[in-house]
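Novice:
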Amino acid sequence: MALKLTSPRAVVLLVCVISIISSPSLTNGASKTSPMKPPRMAMALIHPHSIHSPYYNPNATAYDLVERAIDGSIARIRSLSKLVAAPNDYAFRGGVIADNKGVAFLVKLSVGTPPVPQLLIIDTGSNLFWFQCDPCISCFPQSLPRFDPAKSSSYSNILCNSVACNVSTHECDSNKEYCTYNFKYIDGASTRGNLATENVTFETSDEGTMVIPITKIGCGHENSGSIDGQQSGLLGLSYNYYYSFIQQVGLKFSICLADVHNPQYPYNQLVLGDDAVLEGKSTTLDLYGGHYYVNLQGISVGETRLKIDPEAFKRAPSGEGGVVLDSGTGLTYLKGDGYVPLQNEVQRLLDPRLRRVKQGRKIKLLCYAGTMGKDLQGFPVVTFHFENGAELILDIDNMFFQVTPAMFCMTVVQSDLTLRGLSLIGVLAQQYHNIGYDIQGKQLFIQRIDCRYLDQQSAFP
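Note that the sequence shown covers residues 26 to 486 in the numbering used here.
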């Protein structure tokens, strides 16, 4: 556009399907109600190649998914390299969607009255909530029916001369009647249409429904991009004061990833709003250019603190460098000053007993002959140390992945020079953690946890 216990382990992507975990709720459906508290907006993250995916392929192997995920990570990094090279481009303000064929989260929700199901890419680097609409001038294929605003009693275009339009896109249609938007993304994808208000419907765990009115939503009539035939739009989780989805539903969200190697693992989840899980130690969160930056101060392998200058990962006043948490890539990319010491320590530990293997991809991976379960027993935990004492703990399933039955590789690679010092922490490094975003408080919470225990707040041992 926007992994643990099973074997073989594969770098996989996630499809996100709404599953609202409900405490006593306020709904318009036949659910149990209570005036105490609305339902918790917790969305189950599900493997795209499980039976829940519209494009489930029972013949796909774990190693097929590895290839797809690596290709997707490469596409994402290429998109971001263009972003860094042209920071004043309109797409920089609009957000970024990389090639979603390799790495993507999807969320299934319904829009309109009556509700029409939609499958949307989730991207922490984009801020607008939009989906394809009829009448379609140009649209890409999608797995669910396209939304027709003429059939929704709750749909309303935002007027051109309204305050809502003036403080958001400032754009109008040819008749100067309705507010419009036009986003061109770094990877070549684009969407153009009406800015509108519309209801979004969530299903609750007690089989009822909850409707949330979204006051600024994109109804796209002209859309293009690199598409795999599933999604019908995008749910941006980045922050923009004037029109972002996060601004409208609450300036907090959390993502918990655990056993995402396993397509049947049901506990990965995204939580929106005031009920977002903000637990564990926190570190400073900086929103810049539509991305979430953190202050990475060092890396340890076991008890060994690597010799890395704390200034190596800081973002310069010009905007170059820094460390971004990204939902759109599986791999983790570190600038050379941080990557080389980590690579050297891994090689010091593994080279004496394992044979290093070269692989012919467009990205340079550190790989060894062998299997993770047998050959990485006893490998020390790798820790990313952030400002104020927050830590991201990487065990062997965060640090390595089985690329073929006889070869595994490190999930951390060196950033391309075109990224100008930018580092990204990808999905593989974030698994087995709940990551909580408090945008207003400018804090990122990191908690090591098995997502199945999230509601009980039991930390993962």
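Yeah, the Cβ is synthetic: ideal placement off N, Cα and C, and Gly gets one too.
Which residues bound the alpha helix (DSSP H) around Phe270?
Specialist: 270 to 274
Novice: Restricting to Cα atoms, I'd like to know which of Gly243, Val319, Ser199, Tyr266 is closest to Asn413.
Specialist: Val319
Novice: Based on the DSSP secondary-structure assignment, which residues constitute the bridge partners of Asp311?
Specialist: Answer is Tyr318, bridged to Asp311.
Novice: What would DSSP say about Cys476, mapped onto helix, strand or coil?
Specialist: In the structure shown, Cys476 adopts helical secondary structure according to DSSP, grouped into three states.
Novice: Who are the near neighbours of Gln465 in its chain, counting only those whose CB is closer than 6 angstroms to its CB and skipping five residues on each side?
Specialist: Leu276
Novice: Measuring only the C-alpha atoms, how far is Arg373 from Cys244?
Specialist: Annotation: Arg373 to Cys244 spans about 54 angstroms, alpha carbon to alpha carbon.
Novice: According to the neighbour-count rule (16 or more other Cβ atoms, all chains shown, within 10 Å of its Cβ), is Gly346 buried or exposed?
Specialist: buried
Novice: Mind checking who Arg217 pairs with in its DSSP beta bridge?
Specialist: Beta-bridge partners assigned by DSSP to Arg217: Asn207, Glu247.
Novice: Anyone know if the C-beta pair for Gly304 and Phe470 falls short of 7 angstroms?
Specialist: Residue 304 is actually Glu in this sequence, not Gly. Yes; because the gap between Cβ atoms is below 7 angstroms, this pair is in contact.
Novice: Out of curiosity, what's the CA-to-CA distance linking Gln487 and Tyr266?
Specialist: What is shown of the chain runs 26 to 486, which leaves residue 487 out entirely.
Novice: Going straight from the alpha carbon of Gln472 to that of Val326, what length do you get?
Specialist: 19 angstroms
Novice: Do you know offhand how far Pro322's Cα is from Asp334's?
Specialist: The displayed chain sequence assigns Gln, not Pro, to residue 322. Using only the alpha carbons, I get a separation of about 8 angstroms.
Novice: Return the CA-CA distance between Leu153 and Ile242, expressed in angstroms with no decimal places.
Specialist: The C-alpha of Leu153 lies about 7 angstroms from the C-alpha of Ile242.
Novice: Which residues bound the alpha helix (DSSP H) around Gly398?
Specialist: Per DSSP, Gly398 belongs to the alpha helix (DSSP H) from 397 to 400.
Novice: Put Gly323 into one of helix, strand or coil per three-state DSSP.
Specialist: strand
Novice: Can you tell me whether DSSP reads Leu169 as helix, strand or coil?
Specialist: Correct three-state label for Leu169: coil.
Novice: Can you have a look at Leu442 and say buried or exposed, based on whether 16 or more other CB atoms are within 10 angstroms of its CB?
Specialist: exposed
Novice: Can you tell me whether Asp334 is helix, strand or coil according to DSSP?
Specialist: coil
Novice: Return the bridge partner residues of Phe404 from the DSSP annotation.
Specialist: DSSP, once it has assigned bridges, lists no residue as partnering Phe404.
Novice: Determine the direct distance from the alpha carbon of Asp463 to that of Thr8, and round the result to whole angstroms.
Specialist: A query on residue 8 cannot be resolved here, the shown segment of the chain reaching from 26 to 486 and no further.
Novice: Going by the CB atoms, is the gap between Gly258 and Trp155 shorter than 7 angstroms?
Specialist: Cβ atoms of Trp155 and Gly258: closer than 7 angstroms.
Novice: Decide if Ser163 is buried, meaning its Cβ has at least 16 other Cβ atoms within 10 Å, or exposed.
Specialist: exposed
Novice: Straight-line CA distance for Ser193 to Val236?
Specialist: 24 angstroms
Novice: Sort out for me which residues DSSP pairs Gly346 with in a bridge.
Specialist: The secondary-structure analysis by DSSP pairs Gly346 across a beta bridge with Arg340.
Novice: Am I right that Ala454 and Leu417 are in contact with their C-beta atoms under 8 angstroms? What's the rounded C-beta distance?
Specialist: 6 angstroms
Novice: Taking DSSP as the reference, what is the three-state secondary structure of Ala394?
Specialist: strand
Novice: Looking at the secondary structure, which residues open and close the alpha helix (DSSP H) in which Asn191 lies?
Specialist: 188 to 191
Novice: Per DSSP, which residues does Asn224 bridge with? Please list them.
Specialist: Pro238
Novice: For Asp148, report the span of its beta strand (DSSP E) as first-last.
Specialist: 141 to 148
Novice: Quick one: what's got a C-beta closer than 6 angstroms to Gln167's C-beta in the same chain, skipping five residues either side?
Specialist: Ser257
Novice: Taking the alpha-carbon positions, what's the Leu444 to Tyr358 distance?
Specialist: 10 angstroms
Novice: Hey, how far is the Cα of Arg378 from the Cα of Ala394?
Specialist: Here the alpha carbons of Ala394 and Arg378 stand approximately 10 angstroms from one another.
Novice: Whole angstroms are fine: how far does the CA of Thr329 sit from the CA of Ser263?
Specialist: Taking the straight line from one Cα to the other gives about 35 angstroms.
Novice: Can Leu331 and Pro366 be called in contact, C-beta distance under 7 angstroms?
Specialist: yes
Novice: Please identify the residue among Arg340, Gln468, Gly451, Cys476 whose C-alpha is closest to the C-alpha of His458.
Specialist: Cys476
Novice: Under 7 angstroms Cβ to Cβ from Ala337, same chain only, skipping five residues before and after it: list those, please.
Specialist: Lys360, Asp362, Gly363
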